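Down below is the structure, laid out as structure tokens.
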Amino acid sequence: MILRKYMSLLGVGSATIDLILPKETYYPGEFIEGIFMIKGGTVDQQIKRIECDLVMTDLTNGNEKVIDTTTILTSKLIQSEESDQLTFTFKLADYIPTSSDERSYRFKTRLTFNEGVESKDQDIIQIISK
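Heads up: the sequence shown begins at 88 in this note's numbering, then just goes up one per residue.
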């Protein structure tokens, strides 16, 4: 049991997060609704927060810019092998530039624990004009 706890502190067998979205294509001003799926690892872990950034990448030079962030502060305990869900809601700005050959978007999600390595997830979306 002690070995499993130390392994989870290093990220081996720790809880994971996955942002599940109903589709990949969205319009400026649209509400995005999905769920954060959290799966427990080999030991119980205390969740500290969930952060989800909408990141725009300039594909010509590789620069990234955080457009907006959603943060959920919590003190939930995710038990070993347990699965849990939290709702995700995000409103795109009305005047956000659309995706193109030079510009892409993705959600970068981080699950942070009181102890241990963060769990990360990335989900690519496309923003198209109406």
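Glycine included, each C-beta is placed from N, C-alpha and C at the ideal position. Predicted model, so just to flag it, every value in this text is computed and none were measured.
query                                                                                                        : result
Residues sharing a beta bridge with S191, DSSP                                                               : T144
7 Å CB neighbourhood of D208 in its chain, flanking five on each side removed                                : I104, D105, L106 and T196
Sequence-distant residues of the same chain with beta carbon closer than 6 Å to E151, five excluded per side : V142 and T144
Opposing strand residues paired with G121 [DSSP bridges]                                                     : F175
Inter-residue spacing [alpha-carbon to alpha-carbon] between S216 and K110                                   : 16 Å
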